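>
In our numbering, the protein residues as written are -8 to 148.
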């Protein structure tokens, strides 16, 4: 795709076919979250966490197992492979970074919903910019306080 051409949203999202789908990313991220304590999770726990039916979980984890992101035996535990752990951790970090950014902007309504939507469409360059933005405010709390005062004064108008 050339920089000056316009495409539909779907085409922009398809520009790198090797990436996981948004749904697959959600599964890997949640498996990582649920596995942090025990090193594994189960189909029913994953289904409950993602608000989906167990057959949907089974279908997706079979796809993820086919690309060597996890190990799964029918009616057994789900364990991320080493590259699945790396991807899961990166996905969770991306989620937390976006959520923290929106929180710094004092976004309250629909925080989780907005985070979920943004995390599947954001580029690595933008993520690095957000990381720098957050670190800047962490290292300059007075600037953050000035920003929040500014935001609060605008909300009152």
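All C-beta atoms in this analysis are idealised placements derived from N, C-alpha and C, irrespective of residue type, glycine included.
It should be emphasised that the depicted structure is a prediction, and the values quoted were computed from it without experimental measurement.
1. Going by C-alpha distance, which of 139, 143, 41 and 76 is nearest residue 60?
2. When the distance is taken between beta carbons, is residue 23 closer than 8 Å to residue 118?
3. Residues in the same chain with beta-carbon distance under 7 Å from residue 21, minus the five sequence neighbours each way, listed in chain order, please.
4. Between which residues of its own chain and residue 128 is the CB-CB distance below 7 Å, once the five residues before and five after are set aside?
5. Could you check how far apart the C-beta atoms of residue 70 and residue 31 are, in whole angstroms? I think they sit under 8 Å.
6. Under the DSSP definition of a beta bridge, which residues are partnered with residue 71?
7. Look up residue 112 in the DSSP assignment and say whether it is helix, strand or coil.
8. Find the nearest neighbour of residue 25 within the set 68, 100, 12 and 56, judged by alpha-carbon distance.
9. If we ignore side chains and look at the alpha-carbon of each, how far apart do residue 34 and residue 140 end up?
10. Roughly how many whole angstroms lie between the Cα atoms of residue 78 and residue 105?
11. Could you give the C-beta distance for residue 102 and residue 93, rounded to a whole number, given that I count them as a contact under 8 Å?
12. Should residue 58 go down as buried or exposed, given a rule of 16 or more other Cβ atoms within 10 Å for buried?
13. Between residue 49 and residue 16, what straight-line distance do the alpha-carbon atoms span, to the nearest angstrom?
14. May I have the straight-line CA-CA distance separating residue 138 from residue 116, to the nearest angstrom?
15. Could you give the distance in angstroms between the alpha-carbon of residue 121 and the alpha-carbon of residue 47?
With the structure as the only source:
1. Along the chain shown, one-based indexing puts residue 60 at 69. The option with the nearest alpha carbon to residue 60 is 76.
2. What you label residue 118 is simply residue 127 of the chain shown in a count that begins at 1. What you label residue 23 is simply residue 32 of the chain shown in a count that begins at 1. Not closer than 8 Å, so no.
3. Residue mapping note: residue 21 aligns to position 30 of the chain shown, counting from 1. Counting only Cβ-Cβ distances below 7 Å, and skipping sequence neighbours, we find 37, 40 and 41.
4. If you number the chain shown from 1, residue 128 lands on position 137. Taken in chain order, the residues that qualify are 95, 134 and 135.
5. Locating residue 70 in the chain shown gives position 79, counting from the first residue. Locating residue 31 in the chain shown gives position 40, counting from the first residue. Residue 70 to residue 31, Cβ: 5 Å. Contact.
6. Numbered from its first residue, the chain shown carries residue 71 at position 80. Beta-bridge pairing links residue 71 to 61.
7. Sequence index remark: in the chain shown, residue 112 carries index 121 (1-based). Reduced to three states, the DSSP call for residue 112 is coil.
8. As a first step, residue 25 must be located in the chain shown, where it is residue number 34. Selected option, being the one with the closest Cα: 68.
9. Walking along the chain shown from the start, residue 34 turns up at place 43. Walking along the chain shown from the start, residue 140 turns up at place 149. Distance between the alpha carbons of residue 34 and residue 140 is about 46 Å.
10. Within the chain shown, numbered from 1, the residue matching residue 78 stands at position 87. Within the chain shown, numbered from 1, the residue matching residue 105 stands at position 114. Answer to the nearest angstrom: the Cα atoms are 21 Å apart.
11. Translated into the one-based positions of the chain shown, residue 102 becomes position 111. Translated into the one-based positions of the chain shown, residue 93 becomes position 102. Right, their Cβ atoms sit about 6 Å apart.
12. Start at 1 with the first residue of the chain shown, and residue 58 comes out as number 67. Residue 58 comes out exposed.
13. Working through the chain shown from its first residue, we reach residue 49 at position 58. Working through the chain shown from its first residue, we reach residue 16 at position 25. Near 15 Å, if we compare the C-alpha coordinates of residue 16 and residue 49.
14. For the purposes of this step, residue 138 is identified with residue 147 of the chain shown, where counting begins at 1. For the purposes of this step, residue 116 is identified with residue 125 of the chain shown, where counting begins at 1. Approximately 24 Å, taken between the alpha carbons.
15. The residue you call residue 121 lines up with position 130 of the chain shown. The residue you call residue 47 lines up with position 56 of the chain shown. One C-alpha to the other measures close to 34 Å.
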